[in-house]
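Numbering (the numbering used here), first residue to last: 2 to 67. The beta-carbon is built from N, C-alpha and C at its ideal position, and this holds for glycine as well. Bear in mind that the values here come from a model prediction, so they are computed numbers and not experimental data.
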């Protein structure tokens with residue numbers, strides 16, 4: 002399970018490889034803000050705050066999603 006934090010926005014991204022999603026958690030409010038779907042097995046996560054992007058590796062397909 003991968004986790005990444007966007008310090009500027011306070012969003013926390015959590016890879017859920019079991020169901021192929023990434024949970025987007027509003028850290029300051031401690032609540033689920035969104036769910037990213039369409040992945041097979043999300044694993045590693047990285048946040049590029051300057052470009053306002055998140056990168057997700059899919060360990061099943063080998064794809065890097067942006």
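C-beta contact flag for residue 36 and residue 58 at 7 Å: Here residue 36 refers to the residue found at position 35 when the chain shown is read from its first residue. Here residue 58 refers to the residue found at position 57 when the chain shown is read from its first residue. The answer is no: Cβ separation not under 7 Å.
Backbone CA spacing between residue 10 and residue 52 [nearest angstrom]: As a working note, residue 10 is residue 9 in the chain shown. As a working note, residue 52 is residue 51 in the chain shown. In a straight line, the C-alpha of residue 10 is about 13 Å away from that of residue 52.
Residue 64: buried (16+ other C-beta within 10 angstroms of its C-beta) or exposed? Taking the first residue of the chain shown as 1, we reach residue 64 at position 63. With fewer than 16 Cβ atoms within 10 Å of its Cβ, residue 64 is classed as exposed.
Please name the residue in 28, 49 and 41 whose C-alpha comes closest to that of residue 17. Stepping through the chain shown from its first residue, residue 17 is reached at position 16. Residue 17 has its Cα closest to that of 41, out of 28, 49 and 41.
Provide the residue span of the beta strand (DSSP E) that contains residue 24, from first to last. In the chain shown, counting from the first residue as 1, residue 24 sits at position 23. Element bounds for residue 24: 22–27.
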